[in-house]
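Okay, so here's the structure we're looking at.
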Amino acid sequence: MVLYCVPKLRLIGQKFSVREKMDIAGLQVQEIAKQNVAHTFSITGKKRSLELQARTEEEKREWIQVIQATIEKHKQNSETFRAFNSSFSQEEEHLPDSSVSTSNDSCRKSSKSKRDKEKQACKSCSESFNSITKRRHHCKQCGAVICAKCSEFKPLADNSRHNRVCKECFLQLPASPCSPGVEKQSILAAENSLFSSYLQFLEKGKTWYKMWVTIPKTEPLVLYLQGSSQDGRSPRPIPLPGYEVSLPGSGEKFEVKHVFKLCQSQQTLYFSAEDEELQMKWMEILTKAAKGETEDTAEGLSNP
Numbered sequence: 001m002v003l004y005c006v007p008k009l010r011l012i013g014q015k016f017s018v019r020e021k022m023d024i025a026g027l028q029v030q031e032i033a034k035q036n037v038a039h040t041f042s043i044t045g046k047k048r049s050l051e052l053q054a055r056t057e058e059e060k061r062e063w064i065q066v067i068q069a070t071i072e073k074h075k076q077n078s079e080t081f082r083a084f085n086s087s088f089s090q091e092e093e094h095l096p097d098s099s100v101s102t103s104n105d106s107c108r109k110s111s112k113s114k115r116d117k118e119k120q121a122c123k124s125c126s127e128s129f130n131s132i133t134k135r136r137h138h139c140k141q142c143g144a145v146i147c148a149k150c151s152e153f154k155p156l157a158d159n160s161r162h163n164r165v166c167k168e169c170f171l172q173l174p175a176s177p178c179s180p181g182v183e184k185q186s187i188l189a190a191e192n193s194l195f196s197s198y199l200q201f202l203e204k205g206k207t208w209y210k211m212w213v214t215i216p217k218t219e220p221l222v223l224y225l226q227g228s229s230q231d232g233r234s235p236r237p238i239p240l241p242g243y244e245v246s247l248p249g250s251g252e253k254f255e256v257k258h259v260f261k262l263c264q265s266q267q268t269l270y271f272s273a274e275d276e277e278l279q280m281k282w283m284e285i286l287t288k289a290a291k292g293e294t295e296d297t298a299e300g301l302s303n304p
């Protein structure tokens, strides 16, 4: 099922509400060419049709590929299920009662095993999975079961396609060729940024990582995190609207100084600046961007 959601204008509770639900069965996706609107595509279902716009051409292609792959997988699963039901019905007619009973018990055990599997929690955030809003993914490096939010780290594989990995494996992976990310690296360069600097970054655990943090001129409401080694891994985008910018609470103690944080729902991201002046500058810029103030954010900014 495809869910079309819109953000809620609230600081607590759920951040999105479901506007439309579209069944995968019978779904079609295609590109749209418009002169005045770039990066558009449409999703057409049995009852609804949505016209959507991505931020970039690359993002649009990724969405189309994912939706098409989901549609094909649904078709294959449906055909397999129908073939299995047909075969099972024919065999059941020729089996004695004891065999039918054994087969039913096996099906019940299989269903229970499947339900137990769906109750698994994400290795990183420990949140439970469900088939609609919290889908399961596997780390391509260690095989751990993780959710989409915790598998945003996508290094390039040998076939130049991005594979999902967990954060722990991502930080341990060797450097990969940077050619596919040259365009994004250029966008995140200091001269193409509204504001950028090196910051220490902490999301979970106790280990801080040095990151290149920047807000591009082309995306003034998105914060990008890039490993300081510039190893070609895809930068991590963080859409800022809806986040709250603040100093750590009285119960939050850190060994590093000049710490500030971004909070949204159940996610908290910590940053540490080299000095208080840089800390205050980042907090000011992020606060404006979190409120959607693009024009004010862009005025008078200069990189340290």
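Count the sequence shown with the UniProt record's numbering and you get residues 1 to 304, in order. Don't be surprised by glycine CBs; every beta carbon is placed ideally from N, CA and C.
Between which residues of its own chain and residue i is the CB-CB distance below 7 Å, once the five residues before and five after are set aside?
i, result
"Ser17", "Cys5, Val6 and Lys8"
"Glu127", "Ala121, Lys134 and Cys147"
"Lys60", "His39, Phe41 and Ala54"
"Asp275", "His258"
"Gln279", "His258, Phe260 and Ala273"
"Val37", "Gln53"
"residue 340", "For the chain, the structure presents residues 1 to 304; residue 340 sits outside this window and is missing."
"Gly251", "none"
Among the options, which has the Cα closest to the Cα of residue i?
i, options, result
"residue 305", "Glu203, Thr268 and Pro220", "With the chain covering only 1 through 304, there is no way to say anything about residue 305."
"Leu286", "Ser234, Pro235 and Pro216", "Pro216"
"Ile32", "Ile64, Arg19, Leu3 and Pro237", "Ile64"
"Phe129", "Lys149, Cys142, Gly143 and Gln141", "Lys149"
"Leu3", "Glu284, Gly242 and Arg48", "Arg48"
"Ser234", "Glu58, Gly26 and Gln35", "Glu58"
"Gly45", "Ala144, Gln35, Leu27 and Lys34", "Leu27"
"Gly292", "Val222, Glu255, Lys253 and Gly251", "Val222"
"Lys22", "Lys34, Gln35 and Met1", "A small correction: the amino acid at residue 22 is Met; Lys does not occupy that position in the sequence shown. Out of Lys34, Gln35 and Met1, Met1 has the C-alpha closest to the C-alpha of Met22."
Find out if the Cβ-Cβ distance for the pair residue i, residue j is shorter than 8 Å.
i, j, result
"Cys139", "Arg164", "yes"
"Glu244", "Gln264", "yes"
"Val29", "Gln76", "no"
"His74", "Ile43", "no"
Contact check, residue i vs residue j under 8 Å by CB: the rounded distance?
i, j, result
"Ser196", "Trp208", "Ser196 to Trp208, Cβ: 18 Å. No contact."
"Leu225", "Ser272", "The pair is not a contact, with the Cβ atoms about 13 Å apart (cut-off 8 Å)."
"Cys166", "Lys123", "7 Å"
"Glu20", "Leu52", "Wrong, their Cβ atoms sit about 11 Å apart, outside the cutoff."
Grab me the residues of residue i's own chain with a C-beta within less than 6 Å of its C-beta, minus the 5 sequence neighbours each way, in chain order.
i, result
"Glu203", "Leu269"
"Glu168", "none"
"Cys142", "Cys169"
"Met283", "Val245 and Phe260"
Residues in its own chain within less than 8 Å of residue i by CB, not counting five upstream and five downstream?
i, result
"Lys15", "Pro7, Lys8, Gly242, Gln264 and Ser265"
"Glu72", "none"
"His137", "Val145, Ile146, Cys147, Ala148, Ser151 and Arg164"
**Message:** Extract the residue ranges of the beta strand (DSSP E) inside the UniProt domain "PH" (192–291), only unbroken runs of 3 or more that lie entirely within it.
**Reply:** Here the runs fully enclosed are 193–202, 209–216, 222–227, 236–239, 244–246, 259–264 and 267–272.
**Message:** Could you tell me which whole beta strand (DSSP E) segments of length 3 or greater appear in the UniProt domain "PH" (1–72)?
**Reply:** The qualifying runs are 2–7, 16–22, 28–32, 40–44 and 49–53.
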